[in-house]
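Reading through the structure tokens given below for one structure.
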Amino acid sequence: MSKAKLSKREHGQIERIVDYYLNGECQELVRRCELQVKALFSTSDDLAQYVHSTKSRIKGRERLRDKLIRNAIDCKQSGQQFDITENNLFERITDLVGYRILHLHTKQIEAINSIVLSLLQSERWVVIEGPIARTWDDEFRDYFQEIGIETLDNKRMYTSVHYIFKANEQARCACELQIRTLAEELWGEVDHKINYPHKSESLSCREQIKVLARVTSSCSRLVDSIFHSYEESRRIRRRS
Amino acid sequence: MAGIQKPAKRHSAKRIVIYNHKGGVGKTTLTINLAFALASIGKNVLLVDSDPQCNITSYLIDDITLDDLLDHSDADEGKTIWSSVKPLIEATGDVKTIEPIQQGQRLFLLPGDIRLSEFEADLNKFWTECLERRMRGFRGVCGLSILVNQVSEAHDIDYVFYDCGPNIGPLNKVILLDSDCFIVPAACDLFSVRALKTLGHTLAGWIKSWDTIVNQAPDGIYLLPGRPKFLGYIPQRFRVYREEPSSTYRPFYSKIERNVNSEILSIFKKEDSSLASRSIRDLRIGEVKDFGPLATAGQSEGRPMWEVSKGSPDQRDAARRSFLDIANTIIRFAENHMSD
Numbered sequence: 018m019s020k021a022k023l024s025k026r027e028h029g030q031i032e033r034i035v036d037y038y039l040n041g042e043c044q045e046l047v048r049r050c051e052l053q054v055k056a057l058f059s060t061s062d063d064l065a066q067y068v069h070s071t072k073s074r075i076k077g078r079e080r081l082r083d084k085l086i087r088n089a090i091d092c093k094q095s096g097q098q099f100d101i102t103e104n105n106l107f108e109r110i111t112d113l114v115g116y117r118i119l120h121l122h123t124k125q126i127e128a129i130n131s132i133v134l135s136l137l138q139s140e141r142w143v144v145i146e147g148p149i150a151r152t153w154d155d156e157f158r159d160y161f162q163e164i165g166i167e168t169l170d171n172k173r174m175y176t177s178v179h180y181i182f183k184a185n186e187q188a189r190c191a192c193e194l195q196i197r198t199l200a201e202e203l204w205g206e207v208d209h210k211i212n213y214p215h216k217s218e219s220l221s222c223r224e225q226i227k228v229l230a231r232v233t234s235s236c237s238r239l240v241d242s243i244f245h246s247y248e249e250s251r252r253i254r255r256r257s
Numbered sequence: 010m011a012g013i014q015k016p017a018k019r020h021s022a023k024r025i026v027i028y029n030h031k032g033g034v035g036k037t038t039l040t041i042n043l044a045f046a047l048a049s050i051g052k053n054v055l056l057v058d059s060d061p062q063c064n065i066t067s068y069l070i071d072d073i074t075l076d077d078l079l080d081h082s083d084a085d086e087g088k089t090i091w092s093s094v095k096p097l098i099e100a101t102g103d104v105k106t107i108e109p110i111q112q113g114q115r116l117f118l119l120p121g122d123i124r125l126s127e128f129e130a131d132l133n134k135f136w137t138e139c140l141e142r143r144m145r146g147f148r149g150v151c152g153l154s155i156l157v158n159q160v161s162e163a164h165d166i167d168y169v170f171y172d173c174g175p176n177i178g179p180l181n182k183v184i185l186l187d188s189d190c191f192i193v194p195a196a197c198d199l200f201s202v203r204a205l206k207t208l209g210h211t212l213a214g215w216i217k218s219w220d221t222i223v224n225q226a227p228d229g230i231y232l233l234p235g236r237p238k239f240l241g242y243i244p245q246r247f248r249v250y251r252e253e254p255s256s257t258y259r260p261f262y263s264k265i266e267r268n269v270n271s272e273i274l275s276i277f278k279k280e281d282s283s284l285a286s287r288s289i290r291d292l293r294i295g296e297v298k299d300f301g302p303l304a305t306a307g308q309s310e311g312r313p314m315w316e317v318s319k320g321s322p323d324q325r326d327a328a329r330r331s332f333l334d335i336a337n338t339i340i341r342f343a344e345n346h347m348s349d
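Shown next, in the form of structure tokens:
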């Protein structure tokens, strides 16, 4: 795949956006949003019983620059204009503030999703997108659809449920929530190290990452099965 | 939780606070006599005793009644501001509506309570929760304002006066942010003049901080307006000699004006010029002289200074004119600068 090269002007535009994002006012805004999202999800006892761990982050300088460069290259390759500016940065990049919930097995998502939606509703956040499950696994896709979560095919070989929301209609900064299993997190972390910001040039690394995706999916599936068996054995014991 | 979820429109009553974090500048005397003056010219006035010291409440009602009010304020049938905000602290609901105590035809009082200091402690937590954008925080911070709104609606109130303690605590912060305008009383002494230096910065900081909270606040909930306009200042308690402030007080008089200009007016102009639309010349909205025995008599008799049994008729008349002048200035300001 031949990679489009960005012009000096496009690089200049990206640097201006990054500088703008790093100014005091923007940083204060994203920090405030991060604090608010943390407060939203960390104070719910209902949620805590399904959550293994959580992570929150504000997009840093390098990650933003990489994302903008990737976006500009994609635009160039598809013959489109790269049109992100300082003015529409917060509108266009919706994961400047990110929160992640990690859990053990896939089927917990039904309860987690319902708690997340009710928290967003009772605390009156404006949901812009989601829940949407990105997945490449047919069995998981059927499951998400069955419990009423919209699905999107994912070429990037991971399974994760996403939401985008903001404080009110006029609020500038959106926040992204991702929910995934611990196994998926492992794949995501390895993929990120190897393939970001640029895809690994090692063929075997790229190959192994794809195999790891299959192992990950199987691992999540195995954990599901173990918990299914565990619940069933408890049911039988209670009945007898 | 209907109060904050389905917000009533903010009632048209103008909310005023006479504020200086320096004590002993005559806030309560000024507040109550201005309330009496406005009532005497046909306005319905609500006095909100939001000072845990309850000075205004003890000014207006006798000790036995007050004792009884405070004894029962914790019960379901409690009638003080504490009784109203208690459900917020206990997280059992919104503010409870209470009936104000009526004094004469047009004056109403929401009685204070020593336990408001407990509410004050919780307000710090509510404020933090607002920064975290929690609904519970907004309910707490806006609770007193919602109560005032309900009472203003029920009694067709024209003017609300908050009385507050001499500090920069969280209770005064929410009162200032709920007020449509504030008046600064300044005594003619060294500390009072010095206190002005920190007042402007403190208020501007509160306004800014609330503004960032509002930017992230949920849509459609009841919020404090957070835009108190600077109505003016009132030099207090100077002795007079041939209609001019006497020489002991004269240097303070110009120092007060200088500090009001540099430490309040210019800071407000810089932050938001709509909050300080008047020039320094117009900001001295009156003078309250040392009316000698009238002030203490007013307090013990629970009446306006011009209706007490002490002092001379001339003194009482001077007091009446003094407060009526300020009351009329407030009315003019409300009509010209606080239109909805």
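Protein chains in written order, with the working numbering: chain R, 18 to 257; chain Z, 10 to 349.
Using N, Cα and C, we set each Cβ at its ideal position, and we do this for glycine too.
From the DSSP output, in three-state form, read off residue i for me.
i, result
"Z:Ala100", "coil"
"Z:Arg24", "strand"
"Z:Leu55", "strand"
"R:Ser177", "strand"
"Z:Gln114", "coil"
"Z:Asp334", "helix"
"R:Asp170", "strand"
"R:Gln195", "strand"
"Z:Arg329", "helix"
"R:Leu119", "strand"
"R:Lys183", "strand"
"R:Val68", "coil"
"Z:Arg19", "coil"
CB-CB under 6 Å to residue i, same chain, minus the five flanking residues each way: which ones, in chain order?
i, result
"Z:Gln159", "Thr106"
"R:Pro214", "Asp83"
"Z:Tyr171", "Val26, Val57, Ser59, Ile184"
"Z:Ala46", "Phe332, Leu333, Ala336"
"R:Lys55", "Ser73"
"Z:Met347", "Lys23, Asp189"
"Z:Arg124", "Trp91"
Check whether the Cβ of residue i lies closer than 8 Å to any Cβ atom in chain Z.
i, result
"R:Gln195", "no"
"R:Asn259", "Outside the displayed span of chain R (18 to 257) sits residue 259 of chain R, for which this structure offers no information."
"R:Ser139", "yes"
"R:Ala4", "Nothing about residue 4 of chain R can be read from this structure; chain R reaches only from 18 to 257."
"R:Arg49", "yes"
"R:Ala89", "no"
"R:Gln98", "no"
"R:Gln125", "no"
"R:Ala65", "no"
"R:Leu136", "no"
"R:Gln44", "no"
"R:Gln53", "yes"
"R:Ala56", "yes"
"R:Ala188", "yes"
Is there at least one Cβ from chain R nearer than 8 Å to residue i's Cβ?
i, result
"Z:Arg142", "yes"
"Z:Ala226", "yes"
"Z:Thr37", "no"
"Z:Thr221", "yes"
"Z:Ala11", "Confidence in Z:Ala11 is poor, its pLDDT being 47 and thus under 50, which makes the residue's placement unreliable; the coordinate value appears in the next sentence. Closer than 8 Å: no."
"Z:Gly149", "no"
Is residue i near the ligand PLP, going by C-beta to nearest heavy atom under 7 Å?
i, result
"Z:His30", "The ligand content of the structure shown is nil, which means the ligand PLP is not present either."
On the DSSP bridge assignment, give the partners of residue i in chain order.
i, result
"Z:Phe277", "None; Z:Phe277 has no bridge partner."
"Z:Pro194", "Z:Ile243"
"R:Ala150", "R:Thr168, R:Val178"
"Z:Phe170", "Z:Ile25, Z:Leu56"
In chain order, what residues of the same chain lie with their CB nearer than 7 Å to the CB of residue i, ignoring the 5 residues before and after it?
i, result
"Z:Val139", "A quick correction: the sequence has Cys, not Val, at residue 139 of chain Z. Excluding positions up to five away in sequence, the list reads Gly146, Phe147, Val150, Ile222."
"Z:Ser188", "Arg24, Ile25, Val26, Tyr171, Pro237"
"R:Trp204", "Tyr175, Leu229, Ala230, Thr233"
Excluding the five sequence neighbours on either side, which residues of its own chain have a C-beta within less than 8 Å of the C-beta of residue i, listed in chain order?
i, result
"R:Ala188", "Val143"
"Z:Ile65", "Thr37, Thr40, Ile41, Leu56, Asp58, Leu118, Gly121, Asp172"
"R:Asn40", "none"
"R:Met18", "Low per-residue confidence applies at R:Met18: pLDDT is 46, beneath 50, and the placement is therefore not dependable enough to give any value."
Give a yes or no on contact between the stretch 65 to 74 of chain R and the stretch 112 to 130 of chain R, applying the rule of three or more CB pairs nearer than 8 Å. Below 8 Å, enough C-beta pairs join the stretch 65 to 74 of chain R and the stretch 112 to 130 of chain R to call them touching: three or more.
For the pair the stretch 38 to 54 of chain Z and the stretch 156 to 170 of chain Z, tell me if three or more CB-CB distances fall below 8 Å. Cβ pair count under 8 Å is three or more, so yes.
Touch test, the stretch 56 to 74 of chain Z against the stretch 98 to 117 of chain Z, Cβ-Cβ under 8 Å, three pairs minimum: Three or more beta-carbon pairs separated by less than 8 Å link the stretch 56 to 74 of chain Z to the stretch 98 to 117 of chain Z, which places the two stretches in contact.
Contact the stretch 140 to 154 of chain Z vs the stretch 235 to 251 of chain R: 3+ CB pairs below 8 Å: Short answer: they don't touch.
Quick check: the stretch 297 to 313 of chain Z against the stretch 202 to 222 of chain Z, are at least 3 beta-carbon pairs closer than 8 Å? No, they do not touch.
Tell me, please, whether the stretch 121 to 134 of chain R touches the stretch 158 to 169 of chain R by the rule of three or more beta-carbon pairs shorter than 8 Å. Counting C-beta pairs closer than 8 Å gives three or more between the stretch 121 to 134 of chain R and the stretch 158 to 169 of chain R, which meets the contact rule.
Tell me, please, whether the stretch 43 to 52 of chain R touches the stretch 82 to 99 of chain R by the rule of three or more beta-carbon pairs shorter than 8 Å. Look at the beta carbons and you see the stretch 43 to 52 of chain R not touching the stretch 82 to 99 of chain R: under three pairs across the two are nearer than 8 Å.
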